[in-house]
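Number of protein chains: 2
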Amino acid sequence: MLQTRLDKLRKILKEKNLDGFLISNFYNLLYLTGFRTLIDNEREAWGLVTNKNVYLFTDARYMSFPRLPCKGRRESREMDPPIKSEDDNVKYRLITPEKGLVNHIQDIIKEKKIKQLGFEGDDLKFNELMNIKNNLPNTELVPLEKFVIKIREIKDEEEINNLKTACKIADQCLEEVVRMIRPGVTEKEIAFKIEFWLKEKGHGLSFYPIVAIDKNSAVPHYDTRNGNNEKVKKNSIILIDYGAKFNDYHSDTTRMIFTGKPTQEMINTYQDLLNAQERTIKQLRSDNNPVSLDQFCRRQLSDVSQQLTYSHSTGHGVGLQIHEYPKISFTSVDVLLPGQVVTVEPGVYLDGKWGMRVEDTVLIKSEKEVEVLTKFSKKLLIISNY
Amino acid sequence: MLQTRLDKLRKILKEKNLDGFLISNFYNLLYLTGFRTLIDNEREAWGLVTNKNVYLFTDARYMSFPRLPCKGRRESREMDPPIKSEDDNVKYRLITPEKGLVNHIQDIIKEKKIKQLGFEGDDLKFNELMNIKNNLPNTELVPLEKFVIKIREIKDEEEINNLKTACKIADQCLEEVVRMIRPGVTEKEIAFKIEFWLKEKGHGLSFYPIVAIDKNSAVPHYDTRNGNNEKVKKNSIILIDYGAKFNDYHSDTTRMIFTGKPTQEMINTYQDLLNAQERTIKQLRSDNNPVSLDQFCRRQLSDVSQQLTYSHSTGHGVGLQIHEYPKISFTSVDVLLPGQVVTVEPGVYLDGKWGMRVEDTVLIKSEKEVEVLTKFSKKLLIISNY
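Quick look at the structure:
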């Protein structure tokens with residue numbers, strides 16, 4: 000799998016006349032080399048792809064023979080990775096206080112005669128670039144935008160399997176979570192149950208769950224951790240937006256749950272929203288333009304719902320990160336293609352009162368077929384029998 | 000508290016002749032405005048500090064009146080924040096598809112006649128900068144390095160209280176976790192217990208715990224999630240490096256636990272390492288140079304241990320992030336000062352066999368006083384009575 004990914008990357012590098020590519024982004028490094036660091040935002044590892052090789056730079060914390068004499072002197076050398084990458088062609092280089100990333104890059108550029116080195120312009124920080132630039136006076140550094148992430152847009156078989164499993168796990172999780180919902184239970188208790196259920200089984204959270212009850216459901220990105228921890232009441236509307244992570248791949252689902260007797264307005268709105276969401280999923284087969292799909296989804300809502308319609312996008316790609324390409328929104332410049340996995344998540348929000356969103360993670364299989372990967376029922380779910 | 004932080008920042012801005020400062024970093028935004036977004040690496044919010052005002056830019060997902068008519072048109076307007084910032088002087092501006100961050104900055108720059116705008120050179124990505132630069136032809140954009148993070152180095156009273164609480168919670172957690180340790184228990188079970196115990200009580204993890212048994216303990220940044228899930232055996236050495244998060248503030252502790260009968264070599268090494276760590280903590284009072292402190296700590300180890308000494312740094316600041324300034328290492332350019340909270344964490348690693356590390360989170364109170372905030376006992380802990 001890694002080889003296929005690298006082949007795709009090298010093909011584009013060639014088209015762009017680049018003889019090297021520096022990887023700074025945590026997820027892109029994981030995607031291309033299989034190597035993951037403990038912390039995703041501390042630059043604990045870097046990668047460099049050339050025509051023939053892949054180099055991985057990291058420090059001794061990830062190695063199993065960390066000998067640093069008191070004076071801090073140490074020779075750099077090739078080494079076995081502590082965590083074996085799937086691709087044995089990855090060459091590891093040790094970053095030390097004496098021999099930093101830039102020194103290693105200098106060596107490789109000299110050895111491989113690299114003239115034009117691409118970098119992740121949407122990931123590399125300005126000061127990082129300046130540091131590299133100042134030390135590579137004879138190399139042209141070329142900023143790339145949405146480079147690896149656009150390759151990641153089309154999922155390979157292994158990725159699709161991981162995504163399917165993540166969605167299945169999320170479905171099972173919600174089945175359990177629903178059982179605990181009754182008056183008195185708080186947002187944080189529900190969120191904790193989701194997290195605990197997943198982690199107990201060795202899985203992860205896609206993101207901290209959004210559990211928003213009653214008026215809190217009107218805020219699309221309501222922060223359950225820092226909110227007022229609303230309780231379920233006799234008649235409540237509960238929005239649960241959550242996902243499971245399996246082998247680093249994310250699922251994303253939103254479901255609505257009602258307790259007691261939802262008002263007729265709520266029931267009508269829910270059916271209207273669900274109808275729009277399901278039509279849009281079908282439309283994914285034939286419409287490859289995310290801007291028109293976004294508009295299509297909004298138009299499916301009734302006139303009443305359209306007055307309360309969502310300000311967020313209709314959907315987004317899902318993969319190693321929770322928000323990937325394509326974007327399904329008013330401003331998207333992407334194309335919908337087979338192999339993509341996207342969310343479809345319209346909402347209706349009545350300020351200060353309540354909101355609703357219905358969201359699935361969907362695989363575009365072909366121009367004639369989509370598969371909804373999150374299969375938890377979307378039938379009106381009213382809990383009244385505690 | 001926020002006002003004091005902003006005062007410090009504005010003083011430096013004035014010295015640097017800057018009339019504005021763009022905040023891109025999630026933690027710096029939280030530190031200066033009290034506003035936090037759900038996801039820390041997706042640029043869901045930005046800030047701008049001028050001589051008199053603080054602006055916060057975010058999108059409708061964080062607002063409670065998200066009306067976007069079908070055509071996608073919408074007026075920008077001032078609004079109440081959905082999550083009240085502590086500082087009511089923060090002015091919120093809504094980012095929409097039609098009026099993005101750059102448009103808002105253009106307005107403010109024009110209104111406030113900003114000529115020189117500082118930005119976070121070590122956080123802003125190259126392409127983000129280019130986009131801003133191209134739209135602000137008459138403003139000089141000045142890259143700053145380690146700007147807010149160096150202000151964050153000295154903790155205020157509120158921060159110290161949060162850090163103390165985080166450390167206390169972590170101590171209590173480990174007391175519970177120790178009870179479960181017996182032959183047969185796995186690394187992931189111990190890590191899960193730490194996570195579950197903390198989250199059940201509404202706290203967070205500083206980072207995913209490093210639980211490393213026997214030969215895994217020889218890898219300083221061993222990844223428990225992706226390791227071989229070693230079990231505790233009758234005679235095992237167990238390294239636990241973990242922390243609690245309270246009100247966004249982190250603790251960091253490492254303790255060693257032995258089962259059965261540790262070898263005399265292990266016992267001697269542990270005492271030697273502990274001795275070095277405790278002497279270094281005392282030395283924190285009088286030595287304000289982190290490079291010499293780092294060397295001091297290594298020199299405290301016996302000749303035998305020095306052959307196996309650690310390649311990582313001796314310590315680092317802790318706060319809103321797990322790794323902050325000052326760094327206590329061979330290459331540090333920082334100064335140790337009262338008000339800093341740092342770790343002291345020497346280690347000894349015997350390749351492929353076992354490793355040890357002892358780590359505390361320590362507050363530098365004055366040139367005469369330090370306070371160890373993580374109080375879990377460092378006496379040799381041998382569990383043999385299961």
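In order, the protein sequence lines correspond to chains A and H.
Using numbering that gives the first Met the number 0, the letters of the first sequence map in sequence onto residues 0 to 385.
Using numbering that gives the first Met the number 0, the letters of the second sequence map in sequence onto residues 0 to 385.
Think of the CB as a built atom: it goes at the ideal place given N, C-alpha and C, for glycine as much as any other residue.
Residue i: contacting residues in chain A (beta-carbon distance under 9 Å)
i        : result
TYR385/H : The premise fails here: TYR385/H is roughly 23 Å from chain A at the closest Cβ pair, so nothing lies under 9 Å.
LYS15/H  : Ordered by position in chain A, no residue passes the 9 Å Cβ test against LYS15/H, which lies about 16 Å from the chain.
HIS322/H : ILE38 and GLU41
SER205/H : What SER205/H touches in chain A: nothing, since even the nearest Cβ is about 11 Å away.
Beta-carbon gap between residue i and residue j smaller than 8 Å
i        : j        : result
ASN193/A : ILE212/A : First, the amino acid is wrong: residue 193/A is Ile here, not Asn. No.
ASP286/A : THR342/A : no
LYS90/H  : ASN52/H  : yes
VAL347/A : THR268/A : yes
LYS111/H : THR49/H  : yes
ASN234/H : LYS260/H : yes
LYS374/H : ASP170/H : yes
HIS37/A  : HIS220/H : Note that residue 37/A corresponds to Leu in the displayed sequence, not to His. Result yes, Cβ atoms of LEU37/A and HIS220/H sit closer than 8 Å.
LYS232/A : THR185/A : no
ARG151/H : LEU12/H  : no
ILE113/H : THR95/H  : no
LEU17/H  : LEU116/H : yes
LEU135/A : ILE104/A : yes
ALA59/A  : SER310/H : yes
SER372/H : VAL361/H : It should be noted that the sequence gives Leu, not Ser, for residue 372/H. Yes, they are a contact pair.
THR308/H : LEU292/H : no
VAL290/H : SER331/H : yes
GLU119/H : PHE146/H : yes
PHE295/A : GLN282/A : yes
ILE321/H : HIS249/H : yes
ASP39/H  : PHE25/H  : yes
MET439/H : GLU157/H : The structure shown does not extend to residue 439/H, since chain H is modelled only from 0 through 385, so no value can be given for it.
PHE195/A : PHE195/H : yes
Residues that residue i contacts on chain A, provided the C-beta gap is smaller than 8 Å
i       : result
LEU35/H : What sits at residue 35/H in the sequence shown is Arg, not Leu. What ARG35/H touches in chain A: ASP222 and ASN225.
PRO96/H : SER328, PHE329 and THR330
Interface flag, residue i vs chain D, CB-CB below 8 Å
i        : result
LYS149/A : Judged by its chain identifiers, the structure shown contains no chain D, and its protein chains are A and H.
Proximal chain H residues relative to residue i, where beta-carbon distance stays under 8 Å
i        : result
LYS198/A : PHE191, GLU194 and PHE195
LYS187/A : GLY201
Nearest-angstrom Cβ-Cβ length linking residue i and residue j, presumed shorter than 8 Å
i        : j        : result
ALA190/A : ALA243/A : Actually they are not in contact, since the Cβ atoms of ALA190/A and ALA243/A sit about 14 Å apart, beyond 8 Å.
VAL317/H : LEU162/H : 7 Å
LEU300/A : ALA217/A : So it is not a contact: roughly 16 Å between Cβ atoms.
LYS364/A : PRO325/A : Rounded, the Cβ-Cβ distance is 15 Å, inconsistent with contact.
LYS154/H : GLY201/A : Their Cβ separation, rounded to whole angstroms, is 36 Å, which puts LYS154/H and GLY201/A out of contact at 8 Å.
ARG4/A   : TYR30/A  : 6 Å
ARG284/A : GLU366/A : 6 Å
ILE239/H : VAL210/H : 5 Å
VAL101/A : ILE148/A : At roughly 25 Å, the Cβ-Cβ gap does not stay under 8 Å, so VAL101/A and ILE148/A are not in contact.
ASP359/H : ILE280/H : 7 Å
ASN228/H : ARG35/A  : No, ASN228/H and ARG35/A are not in contact; Cβ-Cβ is about 16 Å, not under 8 Å.
Partners in chain H for residue i, counting only beta-carbon separations shorter than 7 Å
i        : result
ASN126/A : GLY120, ASP121, PRO142 and GLU144
ARG60/A  : PRO219, HIS220 and HIS311
Count Cβ pairs between the stretch 200 to 219 of chain A and the stretch 268 to 276 of chain A that sit closer than 8 Å; are there 3 or more? no
Taking the runs of the beta strand (DSSP E) that are 3 residues or longer, which of them lie wholly in the stretch 207 to 295 of chain A? 209 to 212, 236 to 241, 243 to 245 and 252 to 258
Kindly confirm or deny that the stretch 255 to 264 of chain A and the stretch 378 to 385 of chain A touch, where touching means at least three C-beta pairs closer than 8 Å. yes
Quick check for students: name the residue ranges of the beta strand (DSSP E) that lie wholly in the stretch 289 to 367 of chain A, counting only runs of 3 or more. 314 to 316, 323 to 327, 340 to 343, 346 to 349, 353 to 356 and 359 to 363
Using 8 Å as the cut-off, can you tell me whether the stretch 131 to 148 of chain H makes contact with the stretch 40 to 49 of chain H, which would need three or more C-beta pairs spanning the two stretches below that distance? no
What are the complete alpha helix (DSSP H) segments, minimum 4 residues, inside the stretch 149 to 188 of chain H? 156 to 178
Would you check if the stretch 14 to 22 of chain A and the stretch 118 to 133 of chain A touch, i.e. whether three or more CB-CB distances between them fall below 8 Å? yes
Taking only runs of the beta strand (DSSP E) that begin and end inside the stretch 99 to 148 of chain A, which ones reach a length of at least 3 residues, in chain order? 115 to 119 and 139 to 143, all fully within the stretch 99 to 148 of chain A.
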